[in-house]
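Chemist:
Numbering (the numbering used here), first residue to last: 7 to 303.
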């Protein structure tokens, strides 16, 4: 069997795919759009003169960055269901069972809380922050993508960094510690223990719940007392659903099922031993689109 230059190029591209999807996911917060952006980068590569490309990985990262930048600008222009009105897509796996592609997606632990804040950045700020702070691209290369000088690209990343640091708590890195706090949340929910729940909530905790457009879209509740006031809802959910420990964007989370149906995915940001953010996706349409193995299997 003869291996053509196109076949060889396809093999090389597949080697870069996990990193490209990780870049696109951080840029877009949408797994489907990230996959589309990666596919578009392949189409552009297939149409190009690959022999003229000195650094294929850098070239592909630049192309994916430009594709994502265009998508983000289109969102801003259309004002159609902005991502700020919905939770980003979660990456979910059974605890300690993430496949290699999921691990690439979640390298450096990009939690849902961080993605929510990143949705508030301008497209150029988000690109500069993602490509420099998360993937180490030089500002010279980033400037070419956003049509700015390297100095201007550096300022974009700096502004983004300041907004992110001021809005997203630094999550505890020890997954076992995270799991203990999440287990305490679940125990308090099941037992209707208001004081126990309040004790593990950060005073400035934020609860974000996305049940879908038909249910009013993304809703947020802030403050420990207000979030603990949702104990009745937490208790009903813990009573009617079967709860499975899972990894949600690399952090300890919960997957809830009723019968054979996925009911909700819960992501927790644990900082200094307390829950600083809870993000709940219960939109049936989006849950159906998650690539999640049977949690009971």
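Glycine included, every Cβ here is placed at the ideal spot set by N, Cα and C.
Report yes if the C-beta distance between residue 77 and residue 34 is below 8 Å; otherwise report no.
Modeler: The count along the chain shown starts at 1 and reaches residue 77 at position 71. The count along the chain shown starts at 1 and reaches residue 34 at position 28. Result yes, Cβ atoms of residue 77 and residue 34 sit closer than 8 Å.
Chemist: Mind checking who residue 272 pairs with in its DSSP beta bridge?
Modeler: Mapped onto the chain shown, residue 272 falls at position 266. Answer by DSSP bridge pairing, in chain order: 260 and 286.
Chemist: Specify the secondary structure class of residue 94 as computed by DSSP and reduced to three states.
Modeler: Translated into the one-based positions of the chain shown, residue 94 becomes position 88. It is coil, neither helix nor strand.
Chemist: Which term fits residue 274, buried or exposed, when burial requires 16 or more other beta carbons within 10 angstroms of its beta carbon?
Modeler: As a first step, residue 274 is located in the chain shown; it is residue number 268 there, counting from the start. Buried.
Chemist: Using three-state DSSP, classify residue 59 as helix, strand or coil.
Modeler: Residue numbering aside, residue 59 sits at position 53 when the chain shown is read from its first letter. Reduced to three states, the DSSP call for residue 59 is coil.
Chemist: Apart from the five residues just before and just after residue 213, which ones in its own chain have a Cβ nearer than 6 Å to its Cβ?
Modeler: Against the chain shown, residue 213 aligns to sequence position 207. 227, 233 and 284.
Chemist: I'd like to know if the region 240-254 and the region 215-223 are in contact, where contact means that at least 3 CB-CB pairs between them fall below 8 Å.
Modeler: The region 240-254 vs the region 215-223: no contact.
Chemist: With 16 as the cutoff for other CB atoms within 10 Å, does residue 153 come out buried or exposed?
Modeler: As a position in the chain shown, residue 153 is number 147, starting the count at 1. Exposed is the call here.
Chemist: Run through DSSP, which three-state label would residue 280 get?
Modeler: What you label residue 280 is simply residue 274 of the chain shown in a count that begins at 1. Residue 280 falls in the strand class under three-state DSSP.
Chemist: Is residue 227 helix, strand or coil by DSSP?
Modeler: Position 221 of the chain shown holds residue 227. Residue state, collapsed to three classes: strand.
Chemist: With a 10 Å radius around its C-beta and 16 neighbouring C-beta atoms as the bar for buried, classify residue 14 as buried or exposed.
Modeler: Along the chain shown, read from residue 1 onward, the residue named residue 14 stands at position 8. Flag for residue 14 reads exposed.
Chemist: Assuming residue 43 contacts residue 70 under a Cβ cut-off of 8 Å, what Cβ separation, rounded to an integer in Å, is found between them?
Modeler: Start at 1 with the first residue of the chain shown, and residue 43 comes out as number 37. Start at 1 with the first residue of the chain shown, and residue 70 comes out as number 64. Confirmed, about 6 Å.
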